[in-house]
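S.K.: Dropping the structure in here first, questions after.
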Amino acid sequence: MKPKVFLEFVEIQSLIASVFPFVLGIMYAYYNYHLIHVGNMILFFIAANVLQMAVNANDNYHDFVRSNDEAEFKSKTNVVGVNHISITTVKAITFSLAGIAALIGVYLVTQVGWPLLWLGLFSFAVGYFYAAGPLPISNTPFGELFSGFTMGFIIFLIATFLNIYNVESLTASFIWRVLLASGIAIFAISNIMLANNICDEQEDRRNNRRTAVFFFGKAVMLRVFALSYVAGYVCLIAAILIGILPRLSLLTLLSIPYVWHNVHIFFHNQVKRETFVLSVKNSVVITMCFAIAMGLGIWFNL
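First residue of the sequence shown: 1, per my numbering; consecutive thereafter.
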């Protein structure tokens with residue numbers, strides 16, 4: 001397999017969505033506990049990205065084998081069909097990537113304890129069943145919830161916990177604070193999946209994918225798309241008010257005009273090749289601004 005095809009198969013461009021929650025988790029740990037464990041962070045960064053590549057490969061494989069649209073989706077859209085990748089190769093790559101992530105995860109569990117195991121098992125389960133199983137998560141109304149929660153919150157939570165495991169336990173209070181602090185990332189990332197499903201409404205109907213758009217309609221889910229960004233900013237402000245984020249994190253609000261401009265465009269044109277990318281850009285801009293603002297808050301202690 002050529003490197004270009006491999007990178008397309010594992011959707012290398014999508015890894016940016018997991019990088020910023022990882023960085024934000026580190027910053028959260030440092031701001032609240034003044035702790036960073038560099039070794040754990042390097043290993044988790046590798047594991048998280050390799051697992052994301054495995055999940056993307058698994059998604060592409062199952063989308064290919066489940067599709068009823070032989071003429072269009074299988075031969076002209078899906079990376080497996082377009083590049084004539086053998087099923088044997090697909091499975092070998094997917095299992096190899098998942099195996100690497102699992103080995104790193106097991107090592108980290110031996111270093112920090114059993115709570116990490118449950119977080120890891122949850123992540124693996126969501127990653128596999130997102131596109132596999134008798135009822136894939138992506139074919140249900142819960143795809144956005146699981147993608148945003150897993151990438152926006154679980155990655156943030158693990159990145160935090162790996163730095164502070166020896167001074168803090170995974171209590172309900174700790175998890176709630178991290179959930180609130182990561183809220184803006186959760187909503188931004190979940191909107192990527194929502195935008196994808198809005199754009200794919202007709203294709204999903206042909207392939208019998210019963211997403212939230214299928215049940216509630218495009219008009220309703222467009223409003224949910226816009227309100228999700230609002231909810232994310234509200235989480236940010238609430239986290240600052242209770243003192244778990246630096247006050248300078250408010251600078252993240254400077255991203256609002258850009259985000260709202262893209263939302264306005266998407267409201268008027270939901271075409272995969274033209275406007276889906278706006279949700280990705282919004283997610284990157286929001287989480288990047290959040291990371292920069294939080295970094296400034298840590299630097300200036302504000």
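Glycine included, every Cβ here is placed at the ideal spot set by N, Cα and C.
1. Do you know offhand how far Q111's Cα is from L170's?
2. How about the stretch 244-261 and the stretch 278-298: do they share at least three Cβ pairs that are nearer than 8 Å?
3. To which residues of the same chain is S138 closer than 6 Å at the C-beta, ignoring the five residues directly before and after it?
4. What residue does the alpha helix (DSSP H) around N139 start on, and which one ends it?
5. In whole angstroms, give me the CA-to-CA distance for H200 and L35.
6. So D59 is in the alpha helix (DSSP H); what residue range does that whole segment cover?
7. Over what stretch of residues does the alpha helix (DSSP H) that includes E11 continue unbroken?
8. Measure the alpha-carbon distance for I189 versus N197 and round it to whole angstroms.
9. Among I42, E144 and S173, whose alpha-carbon lies nearest the alpha-carbon of L108?
10. What residue range is occupied by the uninterrupted alpha helix (DSSP H) comprising N269?
11. My guess is that I276 and A195 are in contact by the Cβ rule of under 8 Å, so how many angstroms apart are they, rounded?
12. Between the C-alpha atoms of I175 and I87, what's the straight-line distance to the nearest angstrom?
13. State the DSSP-derived secondary structure class of N191, mapped to helix, strand or coil.
14. Taking the straight line between their C-alpha atoms, what separation do you get for G39 and L119?
15. To the nearest angstrom, how far is it from the Cα of A304 to the Cα of V23?
16. When you compare each of P136, L296, S255 and S123 to N207 by their alpha carbons, which one comes out closest?
17. Does the structure place the stretch 12-30 close enough to the stretch 146-159 that three or more beta carbon pairs sit under 8 Å?
18. According to the neighbour-count rule (16 or more other Cβ atoms, all chains shown, within 10 Å of its Cβ), is N166 buried or exposed?
19. Taking the CB atoms as reference points, tell me whether L162 and L248 lie closer together than 8 Å.
20. Indicate whether T89 and M1 have their beta-carbon atoms separated by less than 8 Å.
21. For the candidate residues A102, F95, P3 and A92, whose alpha-carbon lies nearest to that of I46?
22. Report the three-state DSSP secondary structure of M1 (helix, strand or coil).
23. Answer with buried or exposed for V280, where buried requires no fewer than 16 other C-beta atoms within 10 angstroms of its C-beta.
24. Starting from S228, trace the alpha helix (DSSP H) both ways and give me its first and last residue.
25. Could you tell me if G243 is buried or exposed, where buried requires 16 or more neighbouring beta carbons within 10 angstroms of its beta carbon?
26. So which of F124, G143 and L245 has the shortest CA-CA distance to V212?
M.R.: Working from what's here:
1. 16 Å
2. yes
3. Y130 and A131
4. Element bounds for N139: n/a, residue is neither H nor E.
5. It should be pointed out that residue 200 corresponds to Asp in this sequence rather than to His. Approximately 43 Å, taken between the alpha carbons.
6. V38 to R66
7. Counting along the chain, E11 falls outside any alpha helix (DSSP H), and DSSP gives it neither H nor E.
8. 13 Å
9. I42
10. Unbroken run through N269: none, as it is neither H nor E.
11. The sequence shown places Phe at residue 276, not Ile. So it is a contact: roughly 5 Å between Cβ atoms.
12. 40 Å
13. helix
14. 19 Å
15. Residue 304 lies beyond the range of the chain shown here (1 to 302); nothing can be said about it.
16. P136
17. yes
18. exposed
19. no
20. yes
21. A102
22. coil
23. buried
24. K218 to L241
25. exposed
26. Strictly speaking, residue 212 in this sequence is Ala, with Val absent from that position. The shortest Cα separation from A212 among F124, G143 and L245 belongs to G143.
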